[in-house]
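Colleague: Everything in the sequence shown is counted per the numbering used here, starting at 27 for the first residue and increasing by one. So that we are looking at the same thing, I have put the structure below in structure tokens.
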Amino acid sequence: MKNDRSFTAELSSRQLLEIDACTQCGECLKHCPVQDVTGNASVSPPEKIRMFRELIRSTDGLKARLFGTGEAGRMLLDDFTKAVFECTTCGACGQNCPVGIFTQRLWPTLRKEMVKRGLGPVGVQANLPKAITISGNPYDKPSADRYRPWFPEQVRVAERADVAYYAGCTGAYEAQPMVRGDVLVLNAIGTPFTMLPPEEEVCCGFPLFITGQHDLLEDLVKRLVAGYEARGVKTLVCSCPCCVNIMSRDWPAYYGRELPFVIRHITQFVAGAIKEGTLRITKKLKETVIYHDPCYLTRGVGVIEEPREVLRSIPGITVLEFERHGLNSRCCGSGGAARKIFHENAIKMGRLTIDEAVAKKADRLILSCPACYAKVNEAMQGHDKQIRITDIMELVSGLI
Numbered sequence: 027m028k029n030d031r032s033f034t035a036e037l038s039s040r041q042l043l044e045i046d047a048c049t050q051c052g053e054c055l056k057h058c059p060v061q062d063v064t065g066n067a068s069v070s071p072p073e074k075i076r077m078f079r080e081l082i083r084s085t086d087g088l089k090a091r092l093f094g095t096g097e098a099g100r101m102l103l104d105d106f107t108k109a110v111f112e113c114t115t116c117g118a119c120g121q122n123c124p125v126g127i128f129t130q131r132l133w134p135t136l137r138k139e140m141v142k143r144g145l146g147p148v149g150v151q152a153n154l155p156k157a158i159t160i161s162g163n164p165y166d167k168p169s170a171d172r173y174r175p176w177f178p179e180q181v182r183v184a185e186r187a188d189v190a191y192y193a194g195c196t197g198a199y200e201a202q203p204m205v206r207g208d209v210l211v212l213n214a215i216g217t218p219f220t221m222l223p224p225e226e227e228v229c230c231g232f233p234l235f236i237t238g239q240h241d242l243l244e245d246l247v248k249r250l251v252a253g254y255e256a257r258g259v260k261t262l263v264c265s266c267p268c269c270v271n272i273m274s275r276d277w278p279a280y281y282g283r284e285l286p287f288v289i290r291h292i293t294q295f296v297a298g299a300i301k302e303g304t305l306r307i308t309k310k311l312k313e314t315v316i317y318h319d320p321c322y323l324t325r326g327v328g329v330i331e332e333p334r335e336v337l338r339s340i341p342g343i344t345v346l347e348f349e350r351h352g353l354n355s356r357c358c359g360s361g362g363a364a365r366k367i368f369h370e371n372a373i374k375m376g377r378l379t380i381d382e383a384v385a386k387k388a389d390r391l392i393l394s395c396p397a398c399y400a401k402v403n404e405a406m407q408g409h410d411k412q413i414r415i416t417d418i419m420e421l422v423s424g425l426i
């Protein structure tokens, strides 16, 4: 394929340095969840970088500068596209990279380059822009059903308030016990909170961002920011780590300036309420639980201690840790929009999480991500090991 544009077009100066800095040492292979379940070195982090270096040489290498851009082999392009889209973008490879490559941001950028060339996204990911344009969500579900099936009747939403709650698409359509728990806890805190009407709470843009399909992002972000600003919002609370990640890291760029409100993951908001005494967990839970850190909550925005503070405030509880936790947590298989395409990988990763939780003799596996919630529950089906799975706010809502 003739290269009409540089393969470095989407890369920042830092990312150019990162591509060059990779020593192919293989340290990342010990932490890659795709490697854990496939052992396929052709889709490994260092192999992705090696292939992309070859592509860069075809447009920006010495030969290309002297004699003009050359051909990039179709097999190389196809192999690279598969490798970069099979990744869960969890960022564990970068977290453990000896030279500090920020892969959780690098892989989505390389996906964007493949999309620009018409080589990505893969499979049903290509349907995301149309679904979001028509229905406001990546699942192409009716906007009228965004809240109705799960929203508690006793909870009242203010027309205007300093605090707003964003349910998010995956929570609203695929992890409803999670978002129901969120609003029950927010209601118990007693601080008035507002929400956008279901037809106005559209996708945060993360599915499009992570698959490299960025054309709709500016419009989505500006619509959402305007909606919350009109309601006087000063703090926007959300429980989906992917939503919180793009809101914190990327919304300001697409909005064009600083956001008129701050972003908080719900565990940050609830941990603060517990410290201030506006939320008290009174019921005891004499159970041993194990908490799984979501990739985009820890490595993405650095929220690690707050979920543990919330759990440890429950009387009678014992909280265990996975061998890999916090910044080194293992992806449960749901990330990077890969779970819909590489389903078998995702199920195997989810079962690794289940297996360790069972091996540590936990009574319950606690999650705080809707994609994890949906996929790990799916991985449980037909598995020889079973454990009760509960979202963190679903748990708290039953104890107040």
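For each residue, glycine too, the CB sits at the ideal point set by N, CA and C.
(1) How about valine 209 and proline 178: are their beta carbons less than 8 Å apart?
(2) List, from N- to C-terminal side, the beta strand (DSSP E) runs of 3 residues or more that fit wholly inside the region 171–257.
(3) Please report the Cβ distance between serine 265 and methionine 419, rounded to the nearest whole angstrom; I am assuming they are in contact, meaning their Cβ atoms lie under 8 Å.
(4) Helix, strand or coil for threonine 308? Go by DSSP, reduced to three states.
(5) What are the boundary residues of the alpha helix (DSSP H) that glutamate 331 is part of?
(6) Flag this pair as yes or no: are the beta carbons of isoleucine 426 and valine 247 separated by less than 8 Å?
(7) Can you say whether alanine 170 is buried or exposed, counting buried as having 16 or more other CB atoms within 10 angstroms of its CB?
(8) Return yes when the Cβ of tryptophan 133 is within less than 8 Å of the Cβ of valine 150, no when it is not.
(9) Check whether the region 298–308 and the region 337–348 touch, using three or more Cβ-Cβ pairs below 8 Å as the test.
(10) Between proline 124 and arginine 76, what straight-line distance do the alpha-carbon atoms span, to the nearest angstrom?
(11) Pull the bridge partners of arginine 76 from the DSSP assignment, please.
(12) In chain order, what residues of the same chain have a beta carbon less than 7 Å from the beta carbon of tyrosine 199, not counting five sequence neighbours either side?
(13) Rounded to whole angstroms, how far is the Cβ of glutamine 121 from the Cβ of leucine 353, which I believe are closer than 8 Å?
(14) When you compare only the Cα positions, how much space is there between proline 175 and asparagine 66?
(15) Assign isoleucine 300 to one of three DSSP states: helix, strand, or coil.
(16) For a quick check, are the C-beta atoms of aspartate 381 and threonine 314 less than 8 Å apart?
(17) Please confirm if the region 56–64 is in contact with the region 79–87, defined as three or more CB-CB distances below 8 Å between the two stretches.
(18) I need the boundaries of the beta strand (DSSP E) containing cysteine 321, first residue and last residue.
(19) Any idea what DSSP makes of threonine 314, helix, strand or coil?
(20) By how many angstroms is the C-alpha of aspartate 46 removed from the C-alpha of threonine 34?
(21) To the nearest whole angstrom, what separates the beta carbons of glutamate 263 and isoleucine 292, a pair I think is in contact under 8 Å?
(22) Could you check where the beta strand (DSSP E) with cysteine 264 kicks off and where it finishes?
(23) Quick check on the burial criterion: 16 or more other C-beta atoms within 10 angstroms. Buried or exposed for arginine 290?
(24) Isoleucine 289 lies in the beta strand (DSSP E); which residues open and close that run?
(25) Can you give me the Cβ contacts of alanine 363 inside the same chain, cut-off strictly under 7 Å, excluding the 5 residues immediately before and after it?
(26) When you compare the CB positions of cysteine 395 and proline 267, do they come within less than 8 Å of one another, or not?
(27) Excluding sequence positions up to five away, which residues of its chain have a Cβ less than 7 Å from the Cβ of serine 32?
(28) Nearest-angstrom Cα distance between leucine 139 and glutamate 36?
(29) Taking the alpha carbon of glycine 197 as the point to measure from, which residue in Asn213, Val270 and Ala187 has its own alpha carbon closest?
(30) Rounded to the nearest angstrom, what separates cysteine 54 and lysine 74 at their Cα positions?
(31) Out of curiosity, what's the CA-to-CA distance linking leucine 391 and isoleucine 300?
(32) Over what stretch of residues does the beta strand (DSSP E) that includes glutamate 347 continue unbroken?
(33) Sort Leu421, Glu255, Gly326 and Cys229 by Cα distance to isoleucine 316 and report the nearest one.
(34) Among Gly376, Ala157, Arg356 and Val384, whose alpha-carbon lies nearest the alpha-carbon of lysine 56?
Modeller: A quick look at the data gives this:
(1) Along the sequence shown, one-based indexing puts residue 209 at 183. Along the sequence shown, one-based indexing puts residue 178 at 152. Cβ atoms of valine 209 and proline 178: closer than 8 Å.
(2) 189–192
(3) Start at 1 with the first residue of the sequence shown, and residue 265 comes out as number 239. Start at 1 with the first residue of the sequence shown, and residue 419 comes out as number 393. Contact flag correct, Cβ pair sits at about 6 Å.
(4) In the sequence shown, residue 308 corresponds to position 282, counting from 1. Coil, per DSSP.
(5) One-based indexing of the sequence shown puts residue 331 at position 305. Residues 331–338.
(6) Looking up residue 426 in the sequence shown gives position 400. Looking up residue 247 in the sequence shown gives position 221. Against a cut-off of 8 Å, the Cβ pair of valine 247 and isoleucine 426 comes out as no contact.
(7) Taking the first residue of the sequence shown as 1, we reach residue 170 at position 144. With fewer than 16 Cβ atoms within 10 Å of its Cβ, alanine 170 is classed as exposed.
(8) Here residue 150 refers to the residue found at position 124 of the sequence shown. Here residue 133 refers to the residue found at position 107 of the sequence shown. Against a cut-off of 8 Å, the Cβ pair of tryptophan 133 and valine 150 comes out as no contact.
(9) yes
(10) Here residue 124 refers to the residue found at position 98 of the sequence shown. Here residue 76 refers to the residue found at position 50 of the sequence shown. Using only the alpha carbons, I get a separation of about 17 Å.
(11) In the sequence shown, counting from the first residue as 1, residue 76 sits at position 50. None; arginine 76 has no bridge partner.
(12) Looking up residue 199 in the sequence shown gives position 173. Closer than 7 Å at Cβ, skipping near neighbours: Asn163, Tyr165 and Lys167.
(13) If you number the sequence shown from 1, residue 121 lands on position 95. If you number the sequence shown from 1, residue 353 lands on position 327. Rounded, the Cβ-Cβ distance is 6 Å, consistent with contact.
(14) In the sequence shown, residue 175 corresponds to position 149, counting from 1. In the sequence shown, residue 66 corresponds to position 40, counting from 1. Proline 175 and asparagine 66: Cα-Cα distance of roughly 41 Å.
(15) Position 274 of the sequence shown holds residue 300. Isoleucine 300 falls in the helix class under three-state DSSP.
(16) Here residue 381 refers to the residue found at position 355 when the sequence shown is read from its first residue. Here residue 314 refers to the residue found at position 288 when the sequence shown is read from its first residue. Going by C-beta atoms, aspartate 381 is not nearer than 8 Å to threonine 314.
(17) no
(18) The count along the sequence shown starts at 1 and reaches residue 321 at position 295. No beta strand (DSSP E) contains cysteine 321, which is instead part of the alpha helix (DSSP H) from 321–324.
(19) As a position in the sequence shown, residue 314 is number 288, starting the count at 1. Threonine 314: strand per DSSP, three-state reduction.
(20) Numbered from its first residue, the sequence shown carries residue 34 at position 8. Numbered from its first residue, the sequence shown carries residue 46 at position 20. Cα to Cα, the separation comes out at about 12 Å.
(21) Translated into the one-based positions of the sequence shown, residue 263 becomes position 237. Translated into the one-based positions of the sequence shown, residue 292 becomes position 266. In the sequence as presented, glutamate is not what sits at residue 263; that position holds valine. Going by Cβ atoms, the distance from valine 263 to isoleucine 292 rounds to 5 Å, so yes, they are a contact pair.
(22) If you number the sequence shown from 1, residue 264 lands on position 238. 261–264 is the extent of the beta strand (DSSP E) around cysteine 264.
(23) As a position in the sequence shown, residue 290 is number 264, starting the count at 1. Label assigned to arginine 290: buried.
(24) As a first step, residue 289 is located in the sequence shown; it is residue number 263 there, counting from the start. Here the beta strand (DSSP E) through isoleucine 289 covers 288–291.
(25) Taking the first residue of the sequence shown as 1, we reach residue 363 at position 337. Contacts found: Gln151, Pro233, Ile236 and Thr237.
(26) As a position in the sequence shown, residue 395 is number 369, starting the count at 1. As a position in the sequence shown, residue 267 is number 241, starting the count at 1. Closer than 8 Å, so yes.
(27) Numbered from its first residue, the sequence shown carries residue 32 at position 6. Counting only Cβ-Cβ distances below 7 Å, and skipping sequence neighbours, we find Thr85 and Asp86.
(28) Position 113 of the sequence shown, counted from the start, is the residue given in the question as residue 139. Position 10 of the sequence shown, counted from the start, is the residue given in the question as residue 36. According to the sequence shown, residue 139 is glutamate rather than leucine. Cα to Cα, glutamate 139 sits roughly 6 Å from glutamate 36.
(29) Taking the first residue of the sequence shown as position 1, residue 197 is located at position 171. Ranking the options by Cα distance to glycine 197, first place goes to Val270.
(30) Taking the first residue of the sequence shown as position 1, residue 54 is located at position 28. Taking the first residue of the sequence shown as position 1, residue 74 is located at position 48. The straight-line gap from Cα to Cα measures roughly 12 Å.
(31) Walking along the sequence shown from the start, residue 391 turns up at place 365. Walking along the sequence shown from the start, residue 300 turns up at place 274. Cα to Cα, leucine 391 sits roughly 22 Å from isoleucine 300.
(32) On the sequence shown, position 321 is the one that residue 347 refers to. Residues 344–347.
(33) As a working note, residue 316 is residue 290 in the sequence shown. Measuring from the Cα of isoleucine 316, the nearest candidate turns out to be Leu421.
(34) Mapped onto the sequence shown, residue 56 falls at position 30. Answer by Cα proximity: Arg356.
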